[in-house]
Amino acid sequence: MEVRTRFAPSPTGYLHLGGLRTALYTYLFAKKYGGKFILRIEDTDQEREVPGAVDLIYQSLRAAGLNYDEGPDVGGDYGPYIQTQRRDIYPKYAWELVEKGGAYPCFCTKEEIDAARKAAEAKGETYKYDKRCMHIPLEEAKRRIAAGEPYVIRQNVPTTGKASFDDILYGHVEVDCDTLDDNVLIKADGLPTYNFANVVDDHLMRITHVMRGTEYLSSAPKYNLLYEAFGWTPPIYVHLPVVMKDASRKLSKRYGDPSFEDLLAMGYLKDAIINFIALLGWSPKDTDNEFFTLDELVKAFDEHGLNKSPSIFDMNKLTWFNAEYMRRLPFEEYYEKALPWLTRVLPADRFDLRRLAQLLQSRTEVLNRLPEMVDFLAKMPDYDLALYTHKKMKTNPEVALKALQLCRPVLHSLTDWTEAALHDAVMAVIPDSGMKNGQVLWPLRIAITGRESTPGGAFEMAYLLGRDETLRRLDAAIQRLQTA
RNA sequence: GGCUCCAUGGUCAAGCGGUUAAGACGUCGCCCUCUCAAGGCGAAAUCAGGGGUUCGAUUCCCCUUGGAGCUACCA
């Protein structure tokens, strides 16, 4: 039988990283078994729907490379793939369930239920619907509905016995039915709740494996009751642990945690994010390799390598992955990605940005950090004279002045302003000066960059700045040191 | 509160009765070096606690503790 999995997000905002990971595993699982990966939009809660969120989901999934075989915007044989467009389907099945005794219409209003719940909680009791409407004769109920009375349809959960399901990861999960409530299946607005829609749609769409977050773990037994009542075979379940921000908080936009799109905008590479996310809660068998393309993940993926406990999203490691991916990029590709960030602070006509990018590639953690790494080229920063003092280089302002005075004539007379020529000319005069390389080159670099660290040494920086600017900065530095 | 689930270093994690308890990020040293990176070498750091079962528990069972999820006409 063909494997069919689905990713079924609600369009309530951006695609967060936990969702992306669920989508990724769901995709990997399907592809691993040569099956189909399906996108379904669960928009039955019209109040929570955020305009534009559906498009954002399409966009994010495409950006991530998680192409779905069936979905709202790509079609498929089991559509529509947006639940509000399937609204006529659900009541039909709900009434079938009513006939089979697995559900019943209920005329209690939301206000009545809420009040009862409040009262129960005030007494410290757990609220549970008392099934009062279940005892209304069906004929009478139908008459009231025909008369226009608002109603919902509730699941009729047995009061005794157990409900259970089996999960690839979590094994057999079983609960007492009396801890379960008769949840609403069809709301007063005619739309189904998740509790019902997921069951009907997964069945109708021939979903074989349901992968979803553990927030559904404890209600899964209830869904199985529905499958049983319908006489359908339930899918195979794989519940996935949540992604946390820290030990006790979920990743959430409210705390400023970035979404997938945010990370892309910051200059994280898609492949790095996917690679990192894949390893967050899953580990490959028999290998220490940590680098995987999406295709390699498909081959390596094994649902038994999934971890059962929640994992914390470590920005540090993501950044490390990103830096690695930056380094592994073919230079031209890196250059293309880095350029927009460089030109934000550097006029393209004044600098050899290709050379700068070469120097930057192995030093790039995230693209958005580039501007602050290079802005000193455009404008000499204010800097503290204390920068000239460096213990390991054995320099201080006095040594620095000597060093700069040594370099000045050499650089002034240099006609061939290349890194090699700069290097040879300066290195040639150091031995006779009685100074060490570092004693000359550290101050020189400070003098022309004003930065403790730069994406290259003195020669590279001098080359990038160009003759005029280098000499101007050098002279200014000498003057400053003399008057200090 | 009730129900369900989870528990190896700071983080991601391997392990699936007998191991010096892998590896990676991060941290800290050292080397390389005109700075910072990169690279090389090395170090510190983990089985939450208590009971069982067993010749032997990180591994199996129970309890405690801690954490998470659910407890909606949200998903």
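In the working numbering, the protein residues as written are 986 to 1469.
By construction, the Cβ of each residue, glycine as well, lies at the ideal position given by its N, Cα and C atoms.
Cβ-heavy atom distance, residue i to the ligand MG, below 8 Å
i: residue 1043; result: No copy of the ligand MG occurs in the structure displayed, which carries no ligand at all.
Terminal residues of the beta strand (DSSP E) in which residue i lies
i: residue 1149; result: 1147-1152
i: residue 1198; result: 1194-1198
i: residue 1021; result: 1021-1024
i: residue 991; result: 989-992
i: residue 1139; result: 1137-1140
Length of the line joining the Cα atoms of residue i and residue j
i: residue 1463; j: residue 1266; result: 57 Å
i: residue 1437; j: residue 1444; result: 15 Å
i: residue 1069; j: residue 1110; result: 36 Å
i: residue 1434; j: residue 1230; result: 38 Å
i: residue 1177; j: residue 1089; result: 14 Å
i: residue 982; j: residue 1257; result: Absent from the structure is residue 982, since the part of the chain shown begins at 986 and ends at 1469.
i: residue 1024; j: residue 1151; result: 24 Å
i: residue 1220; j: residue 1188; result: 8 Å
i: residue 1299; j: residue 1122; result: 57 Å
i: residue 1488; j: residue 1064; result: For the chain, the structure presents residues 986 to 1469; residue 1488 sits outside this window and is missing.
i: residue 953; j: residue 1384; result: There is no way to answer for residue 953, as the model of the chain reaches only from 986 to 1469.
i: residue 1409; j: residue 1303; result: 41 Å
i: residue 1002; j: residue 1022; result: 19 Å
i: residue 1073; j: residue 1048; result: 33 Å
i: residue 1412; j: residue 1425; result: 9 Å
i: residue 1039; j: residue 1004; result: 14 Å
i: residue 1372; j: residue 1366; result: 12 Å
i: residue 1364; j: residue 1450; result: 10 Å
Alpha helix (DSSP H) segment containing residue i, residue limits
i: residue 1247; result: 1245-1251
i: residue 1181; result: 1179-1189
i: residue 1176; result: Segment: none, residue 1176 is in no alpha helix (DSSP H) and carries neither H nor E.
i: residue 1359; result: 1355-1363
i: residue 1061; result: Per DSSP, residue 1061 belongs to no alpha helix (DSSP H) and is neither H nor E.
i: residue 1171; result: It is not in any alpha helix (DSSP H) - residue 1171 instead sits in the beta strand (DSSP E) that spans 1169-1171.
i: residue 1018; result: From DSSP, residue 1018 is part of no alpha helix (DSSP H); its letter is neither H nor E.
i: residue 1157; result: Residue 1157 -> not in any alpha helix (DSSP H); beta strand (DSSP E) instead, spanning 1156-1161.
i: residue 1394; result: 1382-1398
i: residue 1088; result: Not the alpha helix (DSSP H): residue 1088 falls in the beta strand (DSSP E), residues 1088-1091.
i: residue 1293; result: Element bounds for residue 1293: n/a, residue is neither H nor E.
i: residue 964; result: Any question about residue 964 goes unanswered here, given that the chain covers just 986 to 1469.
i: residue 1130; result: 1123-1131
i: residue 1343; result: 1338-1346
i: residue 1306; result: 1300-1313
i: residue 1047; result: 1038-1049
i: residue 1324; result: 1316-1327
i: residue 1099; result: 1095-1107
i: residue 1078; result: 1074-1085
Of the residues the options, the one placed nearest residue i, counting alpha carbons only
i: residue 1286; options: 1296, 1159, 1294 and 1264; result: 1264
i: residue 1277; options: 1242, 1251, 1313 and 1249; result: 1313
i: residue 1214; options: 1384, 1447 and 1087; result: 1087
i: residue 1127; options: 1328, 1084 and 1050; result: 1084
i: residue 1308; options: 1281, 1271, 1331 and 1260; result: 1260
i: residue 1397; options: 1452, 1421, 1426 and 1268; result: 1452
i: residue 1118; options: 1105, 1107 and 1097; result: 1097
i: residue 1067; options: 1077, 1092, 1010 and 994; result: 994
i: residue 1346; options: 1411, 1368 and 1311; result: 1311
i: residue 1456; options: 1413, 1395, 1441 and 1026; result: 1395
i: residue 1206; options: 1159, 1186 and 1192; result: 1159
i: residue 1216; options: 1193, 1146 and 1082; result: 1082
i: residue 1095; options: 1003, 1033 and 1136; result: 1136
i: residue 1496; options: 1269, 1343 and 1297; result: No answer is possible for residue 1496: the residues shown for the chain start at 986 and end at 1469.
i: residue 1055; options: 1080, 1026 and 1227; result: 1026
i: residue 1148; options: 1208, 1280 and 1131; result: 1208
i: residue 997; options: 1022, 1031 and 1284; result: 1031
i: residue 1171; options: 1458, 1317, 1193 and 1091; result: 1091
i: residue 1186; options: 1386, 992 and 1407; result: 992
i: residue 1404; options: 1341, 1161 and 1367; result: 1341
i: residue 1296; options: 1053, 1268, 1317 and 1046; result: 1268
i: residue 1294; options: 1253, 1270 and 1224; result: 1224
Alpha helix (DSSP H) runs contained entirely in the segment 1400-1458, provided each spans 4 or more residues: 1404-1418, 1422-1434 and 1443-1450
Is the number of C-beta pairs between the segment 1168-1186 and the segment 1137-1147 that are closer than 8 Å three or more? yes
Quick check on the DSSP output: what are the complete beta strand (DSSP E) runs of length 3 or more inside the segment 1212-1288, in order along the chain? Counting only runs of at least 3 residues, the segment 1212-1288 fully encloses the following beta strand (DSSP E) elements, listed from N- to C-terminal order: 1221-1225.
Does the segment 1163-1178 come close enough to the segment 1105-1121 that 3 or more CB-CB pairs lie under 8 Å? Taking a cut-off of 8 Å on C-beta distances, the segment 1105-1121 touches the segment 1163-1178, as three or more cross pairs fall below it.
When the Cβ atoms of the segment 1445-1465 are set against those of the segment 1417-1432, are three or more pairs found closer than 8 Å? Contact holds: three or more Cβ-Cβ distances are below 8 Å.
Are the segment 1387-1406 and the segment 1350-1363 touching by the rule of at least three beta carbon pairs closer than 8 Å? no
Segment contact, 8 Å Cβ cut-off, at least three pairs: the segment 1154-1164 with the segment 1282-1300: yes
Cβ contact check for the segment 1318-1329 and the segment 1354-1367: 3 or more pairs under 8 Å: With the cut-off at 8 Å, the segment 1318-1329 and the segment 1354-1367 touch.
Does the segment 986-996 come into contact with the segment 1009-1024, if we say contact requires no fewer than three beta-carbon pairs (one atom in each stretch) closer than 8 Å? yes
Touch check for the segment 1191-1199 and the segment 1235-1248: three-plus C-beta pairs under 8 Å? Touching, no, given that fewer than three Cβ pairs across the two stretches are closer than 8 Å.
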